[in-house]
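Numbering that gives the first Met the number 0 puts the sequence shown at residues 0 to 535.
Where is the CB? At the ideal position from N, CA and C, for every residue including glycine.
These numbers were taken from a predicted model, which means no experiment stands behind them.
As structure tokens, the structure follows; a few thoughts come after it.
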Amino acid sequence: MMAQSDLDLKEAALKEDLKFYFMNPCEKYRARRQIPWKLALQILKILMVTTQLIFFGLSNQLVVSFKEENTIAFKHLFLKGYSGVDEDDYSCSIYTQQDAYDSIFYVINQYKQLKNISLGTLGYEHEGSGLKICKQQYKKGTMLPSNDTLSIDVSTETECIFFKPQELAGKKAELKLNSSFFNLEFYRLIQVEISFKLKGIALQTIRARELPDCYAFQNTITFNNRAHSGKIKIYFDSDTDIQECKDWHIFGSVLQKNTQYILAFDGFVILSCFASLILCTRSIVLALRLQKRFVNFFLEKYKRHVCHADRLEFINGWYVLVIISDVMTIIGSILKMEIKAKNLTSYDVCSILLGTSTLFVWVGVIRYLGYFQTYNVLILTMQASLPKVLRFCCCAGMIYLGYTFCGWIVLGPYHEKFEDLNTVAECLFSLVNGDDMFATFAQIQQKSTLVWMFSRLYLYSFISLFIYMILSLFIALITDSYDTIKKYQQSGFPVTDLHEFLKDHGGVGYRKEQTPMQLICCCRRQQSDDNLILIN
Numbered sequence: 000m001m002a003q004s005d006l007d008l009k010e011a012a013l014k015e016d017l018k019f020y021f022m023n024p025c026e027k028y029r030a031r032r033q034i035p036w037k038l039a040l041q042i043l044k045i046l047m048v049t050t051q052l053i054f055f056g057l058s059n060q061l062v063v064s065f066k067e068e069n070t071i072a073f074k075h076l077f078l079k080g081y082s083g084v085d086e087d088d089y090s091c092s093i094y095t096q097q098d099a100y101d102s103i104f105y106v107i108n109q110y111k112q113l114k115n116i117s118l119g120t121l122g123y124e125h126e127g128s129g130l131k132i133c134k135q136q137y138k139k140g141t142m143l144p145s146n147d148t149l150s151i152d153v154s155t156e157t158e159c160i161f162f163k164p165q166e167l168a169g170k171k172a173e174l175k176l177n178s179s180f181f182n183l184e185f186y187r188l189i190q191v192e193i194s195f196k197l198k199g200i201a202l203q204t205i206r207a208r209e210l211p212d213c214y215a216f217q218n219t220i221t222f223n224n225r226a227h228s229g230k231i232k233i234y235f236d237s238d239t240d241i242q243e244c245k246d247w248h249i250f251g252s253v254l255q256k257n258t259q260y261i262l263a264f265d266g267f268v269i270l271s272c273f274a275s276l277i278l279c280t281r282s283i284v285l286a287l288r289l290q291k292r293f294v295n296f297f298l299e300k301y302k303r304h305v306c307h308a309d310r311l312e313f314i315n316g317w318y319v320l321v322i323i324s325d326v327m328t329i330i331g332s333i334l335k336m337e338i339k340a341k342n343l344t345s346y347d348v349c350s351i352l353l354g355t356s357t358l359f360v361w362v363g364v365i366r367y368l369g370y371f372q373t374y375n376v377l378i379l380t381m382q383a384s385l386p387k388v389l390r391f392c393c394c395a396g397m398i399y400l401g402y403t404f405c406g407w408i409v410l411g412p413y414h415e416k417f418e419d420l421n422t423v424a425e426c427l428f429s430l431v432n433g434d435d436m437f438a439t440f441a442q443i444q445q446k447s448t449l450v451w452m453f454s455r456l457y458l459y460s461f462i463s464l465f466i467y468m469i470l471s472l473f474i475a476l477i478t479d480s481y482d483t484i485k486k487y488q489q490s491g492f493p494v495t496d497l498h499e500f501l502k503d504h505g506g507v508g509y510r511k512e513q514t515p516m517q518l519i520c521c522c523r524r525q526q527s528d529d530n531l532i533l534i535n
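In structure tokens, the structure reads:
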């Protein structure tokens, strides 16, 4: 009798704890006057993280615009005859030997006169750097296209020449320019690469009350003659490195005080996320302990194990999402503070961390909307349809990959959207969404009648298969899950061991008198719904 009494007491206590665990924050407050600290902290964190991201985005926008505008300026400065618009994935092209010589010497001359012609705050890199020109060519060979004869050594050799900024105006530079290095044998020439490094300072950040950044631009101009088709493609590439300014003095501004305010705000964001991280980690640990109690009790009383689905009820995926978001926000905020203090320049890493964490924070809002039965349909539908959608996508992906490889190998030589695998995949995805259909059909070159006919069969079959069949089935899977969830909400969800265990527990002692807090808790559910355990 004593053992049975202890078991009953243990069962009652466990049911109370389980009942309390599956309540929403408002119900927990009404039951035990437990203030929903996590809810309040998440709302505060949404506002703070979003504000922090906006400040960082505005600052990052200045950096991006400075980089892009300098790249455009460099192309106009160093590429002879640049029209202002890139031709394709390269900036411009030349077709005669004289154009090749003129373009190379034009770069050297512009580099020499940079301080006199540039509108920007640009200067040379003084630490032993300068203008470096390298040519890569086949070692030796002869070529007679008229007789269809060719003799060439495919091994390559690279020869370089270097110009320092201070020697460009002297006789030494003139001797180099007249050397045999610039006697190019175009039938052997593979490419000519010109590289140089410039320094610049972004002053526009001062207008935004931020400390200026110092930039190092590693510019590379490549004359690509690998195809030997009579067309040399000119590529311009600029790698930008943000560096800390070594010595700066700014007068008549409030930059220092503004920087301190933003650093203090970032520190407060870190503290908030750290508190959220501790609370969510604590909740997961307590949930796992409660799960262990329930599993052990169920095994002790009913002599069988709890099913996997009931075990997962205790693992709150939203808390895991919040923890990941908090960790990313803390790391991103630390990087942002270092960037603001000009100790680091990892804008890209910081952007990824802060952007992803803000995404997770806003997605986490769905958890609290889920306490409303109407809004909870979205979460339940996504959860119910996800396994079927993933299996369906695996099968559809095989067909998609087949079309991708087929289009690349057959249509690649005749259509610019099928030139490489990445472009083919993007083109086909656009077709599935109904974008650019006519242009894709119209741009196919009609040099080969057989390929043209194949392209029509290829495109018509792909569009018909994916839009009319696969996409419709994809939507049908989600619709079917939605209908199932709506039916469950009307007639009741499938009863599991956990539901059955809590079914007879009425929650006596949890109902308290009405308080002003209930006016705030708009997510209060009806008493008849209390026995429904919604998916976490």
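When the Cα atoms are used, what is the spatial distance from S527 to K485?
Because the pLDDT of S527 is 41, which lies under 50, any placement of that residue in the model is unreliable, and the number read from its coordinates should be weighed accordingly. Straight-line Cα distance between these residues: approximately 17 angstroms.
Worksheet entry | Check whether G363 and C349 have beta carbons under 7 angstroms apart | no
(message) My assumption, with CB atoms under 8 angstroms, is that I462 sits in contact with L430. Please give the rounded CB distance.
(response) Right, their Cβ atoms sit about 6 angstroms apart.
* Have a look at G122, K170 and Q135 and flag the residue whose alpha-carbon is nearest the alpha-carbon of E156. => That would be Q135, whose Cα lies nearest to the Cα of E156.
Q) Can you round the beta-carbon distance between L276 and V319 to whole angstroms, since I take them to be within the 8 angstroms contact cut? A) Going by Cβ atoms, the distance from L276 to V319 rounds to 12 angstroms, so no, they are not a contact pair.
*Within-7 angstroms CB hit, E418 to chain D*: Among the chains in the structure shown there is no chain D, since it carries only a single protein chain.
Strictly by DSSP, which residues pair up with L143? T148
### Query
By the 10 Å Cβ neighbour count, where 16 or more other Cβ atoms means buried, how is G406 classified, buried or exposed?
buried
Notebook entry, point to check: Would DSSP call Y81 helix, strand or coil?
Noted result: coil
Query raised in the report: What do you get for S454, buried or exposed, if any count of 16 or more other CB atoms within 10 angstroms of its CB means buried?
Result: When all chains shown are included, S454 counts as buried.
> Going by beta carbon distance, what residues of the same chain come within less than 6 angstroms of E337, once the five residues before and after it are set aside?
Replying inline: L343
* Use the C-beta contact count for G508: other C-beta atoms within 10 angstroms, 16 or more gives buried, fewer gives exposed. => Unreliable placement is indicated for G508, whose pLDDT of 40 sits below 50; the coordinate value is still reported in the next sentence. By the 10 Å Cβ count, G508 comes out exposed.
- Query: Along the chain, where does the beta strand (DSSP E) that runs through D240 open and close?
  - Reply: Start and end: I231 to Q242.
Segment limits, alpha helix (DSSP H) that includes A475: L470 to S490 is the span of the alpha helix (DSSP H), which, as asked, contains A475.
Could you say if the stretch 149-163 and the stretch 220-234 meet the contact criterion of at least three C-beta pairs nearer than 8 angstroms?
-> No, they do not touch.
Quiz prompt | the stretch 5-15 touching the stretch 290-303, judged by at least three CB pairs closer than 8 angstroms | solution = yes
**Asked** In whole angstroms, what separates the C-alpha of D5 from that of T483?
**Response** The alpha-carbon separation between D5 and T483 amounts to approximately 42 angstroms.
E192 by DSSP, collapsed to three states: which one?
The answer is strand: DSSP assigns E192 an E or B state.
- For N224, the residue or residues it bridges with in DSSP: In the DSSP output, where bridge partners are listed per residue, N224 has none listed.
Name the DSSP bridge partner or partners of K134?
Per DSSP, the beta-bridge partners of K134 are E158 and V191.
Item to complete: State the start and end residues of the unbroken beta strand (DSSP E) segment that holds G122.
Response: It spans L121 to Y123 - the beta strand (DSSP E) in which G122 sits, taken as one unbroken run.
For my contact list, A383 and S480 are in at a C-beta cut-off of 8 angstroms; report their separation, rounded to the angstrom. 4 angstroms
Decide yes or no for the touch test of the stretch 94-103 against the stretch 51-71: beta carbon pairs closer than 8 angstroms, at least 3 of them.
They do not touch, by the three-pair rule.
Margin query: Tell me the rounded alpha-carbon separation between L188 and R225.
Written below: 8 angstroms
query = My guess is that A308 and T495 are in contact by the Cβ rule of under 8 angstroms, so how many angstroms apart are they, rounded?
reply = 6 angstroms
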